[in-house]
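Student: Add 593 to the 1-based position in the sequence shown for my numbering, that's all there is to it.
The beta-carbon is built from N, C-alpha and C at its ideal position, and this holds for glycine as well.
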Amino acid sequence: MQYEVCGLNCPSCAEKIEKQLKQNIDPEASVNITTRTITLTKGSVEEATKIIQKIEPNATIAPKTNMQAKTHNHEHSQSNLKILLLSILLFGLGFIYKPFFLLGYILSGYPVLLSAFQGIIRKDFLDEKFLMSIATIGAVAVGEWAEAAAVMILYSLGEHLEELASENTRTAVTSLIELTPESVRVLSNGESILKDPSEVEIGDLILVRAGERIPLDGIIVNGSSTLDTSALTGESLPKEVTVDETVQSGVINLSSPLTIQVKAKYENSTVARMLKLIEEASEKKASSERFITRFARYYTPFVVLGALLIALLPPLFGAGSFSEWGYRALVLLVVSCPCALVISVPLAYFSGIGRASQLGILVKGGEVFDKISHIDTTVWDKTGTLTSGEFEVVNIKCYSDLSENDLLQIAFSLEEHSNHPLAQAIVKKANELNLKPLDIEELKEIAGYGLEGVIDNKTFYVGSVKYMESLGFTIEEEHSHAFVAVATDNELLGAFELLDKLKPSSTKAISKLKDRGLKTVVLTGDRSMAAKKALQELPLDDLQAELLPEDKLAYVNRLVETGKTPLFVGDGINDAPVLASSFVGVAMGGIGSDAAIEASDVVLVTDEPVKVPLLFNLADAVRQKVITNITLTLAVKFTVIGLSIFGLASMWQAVIADVGVTIVAILNAASLFRQVNN
594 MQYEVCGLNC
604 PSCAEKIEKQ
614 LKQNIDPEAS
624 VNITTRTITL
634 TKGSVEEATK
644 IIQKIEPNAT
654 IAPKTNMQAK
664 THNHEHSQSN
674 LKILLLSILL
684 FGLGFIYKPF
694 FLLGYILSGY
704 PVLLSAFQGI
714 IRKDFLDEKF
724 LMSIATIGAV
734 AVGEWAEAAA
744 VMILYSLGEH
754 LEELASENTR
764 TAVTSLIELT
774 PESVRVLSNG
784 ESILKDPSEV
794 EIGDLILVRA
804 GERIPLDGII
814 VNGSSTLDTS
824 ALTGESLPKE
834 VTVDETVQSG
844 VINLSSPLTI
854 QVKAKYENST
864 VARMLKLIEE
874 ASEKKASSER
884 FITRFARYYT
894 PFVVLGALLI
904 ALLPPLFGAG
914 SFSEWGYRAL
924 VLLVVSCPCA
934 LVISVPLAYF
944 SGIGRASQLG
954 ILVKGGEVFD
964 KISHIDTTVW
974 DKTGTLTSGE
984 FEVVNIKCYS
994 DLSENDLLQI
1004 AFSLEEHSNH
1014 PLAQAIVKKA
1024 NELNLKPLDI
1034 EELKEIAGYG
1044 LEGVIDNKTF
1054 YVGSVKYMES
1064 LGFTIEEEHS
1074 HAFVAVATDN
1084 ELLGAFELLD
1094 KLKPSSTKAI
1104 SKLKDRGLKT
1114 VVLTGDRSMA
1124 AKKALQELPL
1134 DDLQAELLPE
1144 DKLAYVNRLV
1154 ETGKTPLFVG
1164 DGINDAPVLA
1174 SSFVGVAMGG
1184 IGSDAAIEAS
1194 DVVLVTDEPV
1204 KVPLLFNLAD
1214 AVRQKVITNI
1224 TLTLAVKFTV
1234 IGLSIFGLAS
1244 MWQAVIADVG
1254 VTIVAILNAA
1264 SLFRQVNN
């Protein structure tokens, strides 16, 4: 069960909460500071809340459901804002009557002070709340009540603004949840019944009116319309659909009512699977994220030690008074909070994952962006990846006394049992001529070769040239098209020539990758001449033809063994082993394929090759945001630290610098949603 958490802005607190939940409630518990979610497999909300509020008193949790989570977030944000405004009012009154400064300080700082105190009791207190508490209590102790109140109010204001900025980013990423309507019109006995999407069964008929989102995956059984698929695929052009075509959940029906037969339950729908991938991706940390987390763990104790040395050593050596150097140490504590780094770096990766999903690219973890920056070779499957995969029979050759229709009927009878694109083209041709399949016995499929079966006590073979050669037949002529032959035990009966076309964006995709200096290779099972003919427009570095599935795997493994870092793009079904073996595996059009999702690092919702260079652009942008945030944050903090040591920075300036750089870093990460275009 997942829960939405409000008031959890402290990364170190999130780490402590996860540790306590694992020790006391659920060993599988996880806390994600970026998405503000907690995942539990057992234990109650009450138990979890008790543990959470011991560490973060201001935090509250609620089940992660659509409206409830939104209401929960809104109410929590409004409550914090009211307290903050009252604290500012009291601060203003402090200039009239000084004790109001203390009241403003206590009101705005209560959650911070309580969290620090509870951390001391637990003997686990070295975090930003402790730094802020020590600094402001020190300011109160030396009589700087106005400064203590101002620093705590500004810190609380910063936390509120950080939460708003982070929430806006999370909302943009998780907006996919709004792609599923809250109710579905199910048709039963001529009537329309409203049901929750999770209650609809496979095979049910649903009605989707013009202007409504399609709630579940299915096949159109009545009606024709135009669909807006932009929210799901990033494609802005509308798509025309009619009877017998497959439609995916999450797209908008623009023009006419559609009756759809449901083919997948809600939990297995396109939108649900995409959401699951995005949530899982946010849990997988990139190397930069893991480094920042480790850095923050040792950073705070080091800062406290440094502040202590600054407060004590110079006065002991006569370089000034204890009050003077004590104040400088307090300024150091204020500016040294690691929030900007610990929040903004994971948020940059999370924003990248979210922006990718908006463009129809599902990235399975922030580390994928880091790996893409090391890619030196892109390897492509041909059929269905660079080409449309929708073959057309353009020529029938008869080598015996059989007619073209007789040869086609025999091939049809075998090929209708195969899902291979070449087989489907032969089936389509036979259906156009209204041919009927013959009865088949002892059907066998030989992977990468073809099929064999018995018709009227006679064995027939249909498949590739390589298959025919393995049976002892010789085909000497070269072909500029895909080639499927038909034979018996002792006679080659004939063959089919089939044409496959490049996808519209294939040339653009390969050209953009070449512009990056990447080597591009295509692997195919087609004959060499046919493959060269189909791909002649592409600026390829290498073309490997007549390969079996295991040959493709061996080729990619050789690249990896020789130190190359290949990105492989395949259809996600037959190419699952190669996807898994590549440095980065990209499954194209594979959101419906379990094999694709399991084996690949990236899933392209659509079958557009141009999404691959777009993925590289996005990885560049994410890396740039991470580097910028780290550089900016460290530069600001080290500058203020240097100024504080020389007595040139006040606590006001320190907290403004700390809060300001955190907000700028968060907004910089969130700007990914505007920078990378489809």
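Measure the alpha-carbon distance for His665 versus Ala652 and round it to whole angstroms.
Tutor: Against the sequence shown, residue 665 aligns to sequence position 72. Against the sequence shown, residue 652 aligns to sequence position 59. Note that His665 scores 48 on pLDDT, short of 50, meaning its location in the model is unreliable; the coordinates nonetheless yield the value given after this. Those two C-alpha atoms are separated by around 11 Å.
Student: Based on the DSSP output, what are the partners of Leu1211 in its beta bridges?
Tutor: Working through the sequence shown from its first residue, we reach residue 1211 at position 618. None, per the DSSP bridge assignment.
Student: Classify Asp821 as helix, strand or coil using the three-state DSSP reduction.
Tutor: To locate residue 821, count along the sequence shown from 1; it is residue 228. In the structure shown, Asp821 sits in a strand (DSSP, three-state: E or B).
Student: Return the Cβ separation of Leu1031 and Ile1048 in integer angstroms, given the expectation that the two are a contact with Cβ distance under 8 Å.
Tutor: Locating residue 1031 in the sequence shown gives position 438, counting from the first residue. Locating residue 1048 in the sequence shown gives position 455, counting from the first residue. That pair is a contact at about 5 Å.
Student: Does DSSP classify Leu1001 as helix, strand or coil?
Tutor: Here residue 1001 corresponds to residue number 408 of the sequence shown, with the count starting at 1. In the structure shown, Leu1001 sits in a helix (DSSP, three-state: H, G or I).
Student: Is there at least one non-hydrogen atom of the ligand PLP closer than 8 Å to the beta-carbon of Phe723?
Tutor: As presented, the structure is devoid of all ligands, the ligand PLP included, so that no description of it is given.
Student: When the Cα of Ile689 is compared with those of Leu707, Leu1131, Val638, Ala739, which residue comes out closest?
Tutor: Position 96 of the sequence shown, counted from the start, is the residue given in the question as residue 689. Among Leu707, Leu1131, Val638, Ala739, the Cα nearest to that of Ile689 belongs to Ala739.
Student: Measuring alpha carbon to alpha carbon, tell me which residue in Cys932, Leu696, Gln671, Pro790 is nearest Ile1223.
Tutor: Mapped onto the sequence shown, residue 1223 falls at position 630. That would be Cys932, whose Cα lies nearest to the Cα of Ile1223.
Student: Could you tell me whether the segment 1223-1238 touches the segment 921-928, where touching means 3 or more Cβ pairs closer than 8 Å?
Tutor: At 8 Å Cβ cutoff, the stretches touch.
Student: Please classify His1013: is it buried, with 16 or more other beta-carbons within 10 angstroms of its beta-carbon, or exposed?
Tutor: Reading the sequence shown from its first residue, position 420 is the one you call residue 1013. Flag for His1013 reads buried.
Student: Does the pairing of the segment 943-957 with the segment 1058-1068 give three or more beta-carbon distances under 8 Å?
Tutor: Flag = no, the segment 943-957 and the segment 1058-1068 do not touch.
Student: Around the Cβ of Ser916, are there at least 16 other Cβ atoms within 10 angstroms (buried) or fewer (exposed)?
Tutor: Within the sequence shown, the letter at position 323 stands for residue 916. That one is exposed.
Student: My parser needs the alpha helix (DSSP H) runs of 4 or more residues fully inside the segment 1002-1081; what are they?
Tutor: Complete alpha helix (DSSP H) runs here, min 4: 1014-1025, 1058-1063.
Student: In chain order, what residues of the same chain have a beta carbon less than 6 Å from the beta carbon of Phe693, not counting five sequence neighbours either side?
Tutor: Translated into positions along the sequence shown, residue 693 becomes position 100. These residues qualify, in order along the chain: Leu683, Leu686, Gly687.
Student: Return helix, strand or coil for Glu983, following the three-state DSSP convention.
Tutor: Residue numbering aside, residue 983 sits at position 390 when the sequence shown is read from its first letter. Correct three-state label for Glu983: coil.
Student: Please name the residue or residues paired with Phe1161 in a DSSP beta bridge.
Tutor: Looking up residue 1161 in the sequence shown gives position 568. Bridge partners of Phe1161: Val972, Gly1178.
Student: Nearest-angstrom Cα distance between Asp1135 and Met1181?
Tutor: Taking the sequence shown and counting its residues from 1, the one referred to as residue 1135 is at position 542. Taking the sequence shown and counting its residues from 1, the one referred to as residue 1181 is at position 588. Taking the straight line from one Cα to the other gives about 21 Å.
Student: For a quick check, are the C-beta atoms of Ile645 and Val705 less than 9 Å apart?
Tutor: The residue labelled residue 645 in the question sits at position 52 within the sequence shown. The residue labelled residue 705 in the question sits at position 112 within the sequence shown. Not closer than 9 Å, so no.
Student: Could you check what DSSP says for Phe1239 in three-state terms: helix, strand or coil?
Tutor: Start at 1 with the first residue of the sequence shown, and residue 1239 comes out as number 646. Three-state DSSP puts Phe1239 in coil, outside helix and strand.
Student: Can you list, in chain order, the residues of its chain with a C-beta nearer than 6 Å to that of Glu1201? Leave out the 5 residues immediately preceding and following it.
Tutor: Locating residue 1201 in the sequence shown gives position 608, counting from the first residue. Around Glu1201: Ser1098.
Student: Between Ala743 and Leu724, what straight-line distance do the alpha-carbon atoms span, to the nearest angstrom?
Tutor: Position 150 of the sequence shown, counting from 1, holds the residue named residue 743. Position 131 of the sequence shown, counting from 1, holds the residue named residue 724. Rounded to the nearest angstrom, the two C-alpha atoms are 16 Å apart.
Student: How would you write the range of the beta strand (DSSP E) that Asn625 sits in, first residue to last?
Tutor: Mapped onto the sequence shown, residue 625 falls at position 32. Note, Asn625: beta strand (DSSP E), 623-625.
Student: Tell me where the alpha helix (DSSP H) around Thr852 begins and ends.
Tutor: Within the sequence shown, residue 852 is the residue found at index 259, counting from 1. Here Thr852 belongs to no alpha helix (DSSP H); instead the beta strand (DSSP E) covers 851-855.
Student: At the level of alpha carbons, what is the spacing between Gly843 and Thr970?
Tutor: Mapped onto the sequence shown, residue 843 falls at position 250. Mapped onto the sequence shown, residue 970 falls at position 377. Approximately 34 Å between the Cα atoms of the pair.
Student: Could you check the C-alpha separation between Val1079 and Phe1053 for me, to the nearest Å?
Tutor: One-based indexing of the sequence shown puts residue 1079 at position 486. One-based indexing of the sequence shown puts residue 1053 at position 460. Their backbone Cα atoms lie some 7 Å apart in a straight line.
Student: When we look at the beta-carbon of Pro894 and count the other beta-carbons within 10 Å, is it buried (16 or more) or exposed?
Tutor: Residue 894 sits at position 301 when you count from the first residue of the sequence shown. Exposed.
Student: Please classify Phe943: is it buried, with 16 or more other beta-carbons within 10 angstroms of its beta-carbon, or exposed?
Tutor: Sequence index remark: in the sequence shown, residue 943 carries index 350 (1-based). That one is buried.
Student: Just to confirm, are Leu754 and Ile1256 a CB contact at a threshold of 9 Å?
Tutor: Against the sequence shown, residue 754 aligns to sequence position 161. Against the sequence shown, residue 1256 aligns to sequence position 663. Cβ distance < 9 Å, so Leu754 and Ile1256 count as in contact.
Student: Keeping to the same chain, check which residues put their C-beta closer than 7 Å to that of Leu700; ignore five residues upstream and five downstream.
Tutor: What you label residue 700 is simply residue 107 of the sequence shown in a count that begins at 1. Here the set comprises Ile676, Leu679, Ser680, Leu683.
Student: Does the beta-carbon distance from Leu809 to Pro831 come in below 9 Å?
Tutor: The count along the sequence shown starts at 1 and reaches residue 809 at position 216. The count along the sequence shown starts at 1 and reaches residue 831 at position 238. For Leu809 and Pro831, no; Cβs fall outside 9 Å.
Student: Helix or strand or just coil, what does DSSP make of Lys663?
Tutor: Counting from 1 along the sequence shown, the entry for residue 663 is found at position 70. For Lys663, the pLDDT reaches just 48, beneath the cut-off of 50, and the residue's location in the model is therefore unreliable, leaving the point undetermined.
Student: Check whether the Cβ atoms of Ala1147 and Ala1138 lie closer than 9 Å to each other.
Tutor: For the purposes of this step, residue 1147 is taken as residue 554 along the sequence shown, with counting starting at 1. For the purposes of this step, residue 1138 is taken as residue 545 along the sequence shown, with counting starting at 1. Contact: no.
Student: Taking DSSP as the reference, what is the three-state secondary structure of Asn782?
Tutor: One-based indexing of the sequence shown puts residue 782 at position 189. The answer is coil: DSSP assigns Asn782 none of H, G, I, E or B.
Student: Go to Phe1089, then tell me how far its alpha helix (DSSP H) extends in each direction, as first and last residue.
Tutor: Taking the sequence shown and counting its residues from 1, the one referred to as residue 1089 is at position 496. Counting along the chain, Phe1089 falls outside any alpha helix (DSSP H), though it belongs to the beta strand (DSSP E) covering 1085-1092.
Student: Just verifying my parser: in three-state terms, what is the DSSP assignment at Ile645?
Tutor: What you label residue 645 is simply residue 52 of the sequence shown in a count that begins at 1. In the structure shown, Ile645 sits in a helix (DSSP, three-state: H, G or I).
Student: Evaluate Met745 with the Cβ neighbour count: other Cβ atoms within 10 Å of its Cβ, from every protein chain shown; 16 or more gives buried, anything less gives exposed.
Tutor: Locating residue 745 in the sequence shown gives position 152, where the first residue counts as 1. By the neighbour-count rule (16 or more Cβ atoms within 10 Å), Met745 is buried.
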